[in-house]
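J.:
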Amino acid sequence: MSLSEFIREKRLEKNMSQRDLATAANLSNAEISRIESGKRKSPSPSVLKLIAEALNVTLEDIYAQAGIIEEGQKFVDKFLEKHGNTAISEFTSSSSQQPMMPADLTEDELQEVMRYIDFIRSKRK
């Protein structure tokens with residue numbers, strides 16, 4: 138099931154219109170329409186969190202449908218395989234809350250890491 142199908146199915150289970158969901162999630166009706174139609178392929182974790190809260194579904198469920206969890210876990214596994222467990226210390230700095238990124242990551246890999254970090258942080262709230 139795609140993310141768009143998942144959101145539409147959950148919305149209909151709650152007897153909500155797209156407008157109802159948009160209002161509950163504090164998003165535009167057009168945004169919900171684009172997501173459900175598949176025109177917006179990768180909504181941000183923060184948008185997905187708003188939708189999850191409005192539909193009363195878990196972040197894990199909606200992030201799994203969006204591929205965030207799976208892709209993030211694949212990246213972590215690949216990173217650990219390549220660099221070993223000690224490389225995790227490269228991501229943190231005692232003087233900063235922001236993760237430090239290893240210099241050998243590609244731009245796409247950095248974006249994937251940041252999406253996964255956003256997911257982990259959103260689980261705290």
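With this note's numbering, the residue at position 30 of the sequence shown is 167, and numbering never jumps. We treat Cβ as the ideally placed atom computed from N, Cα and C, and that holds for glycine. Everything numeric in this text was worked out from a predicted model, so none of it was measured.
(1) How big is the Cα-Cα spacing for Met153 and Leu242?
(2) Can you tell me which of the three DSSP states Met138 falls into?
(3) Please state whether DSSP places Ser170 in a helix, a strand or coil.
(4) In whole angstroms, what separates the C-alpha of Asn163 from that of Val194?
(5) Take Leu140 and list the residues in its own chain whose beta-carbon comes closer than 7 angstroms to its own, dropping the five residues that flank it on each side.
(6) For Ala161, collect the residues of the same chain with a Cβ closer than 6 angstroms to its Cβ; drop the 5 residues on either side in sequence, then sort them by chain order.
(7) Please classify Glu173 as buried or exposed, where buried requires at least 16 other C-beta atoms within 10 Å of its C-beta.
T.: With the structure as the only source:
(1) Numbered from its first residue, the sequence shown carries residue 153 at position 16. Numbered from its first residue, the sequence shown carries residue 242 at position 105. About 42 angstroms.
(2) Here residue 138 refers to the residue found at position 1 when the sequence shown is read from its first residue. Note: Met138 maps to coil in three-state DSSP.
(3) Along the sequence shown, read from residue 1 onward, the residue named residue 170 stands at position 33. Note: Ser170 maps to helix in three-state DSSP.
(4) As a working note, residue 163 is residue 26 in the sequence shown. As a working note, residue 194 is residue 57 in the sequence shown. Spanning the two alpha carbons is a distance of roughly 16 angstroms.
(5) By 1-based counting over the sequence shown, the position of residue 140 is 3. Same-chain partners within the cutoff: Gln202 and Ala203.
(6) For the purposes of this step, residue 161 is identified with residue 24 of the sequence shown, where counting begins at 1. Excluding positions up to five away in sequence, the list reads Ala191.
(7) As a working note, residue 173 is residue 36 in the sequence shown. So Glu173 counts as buried.
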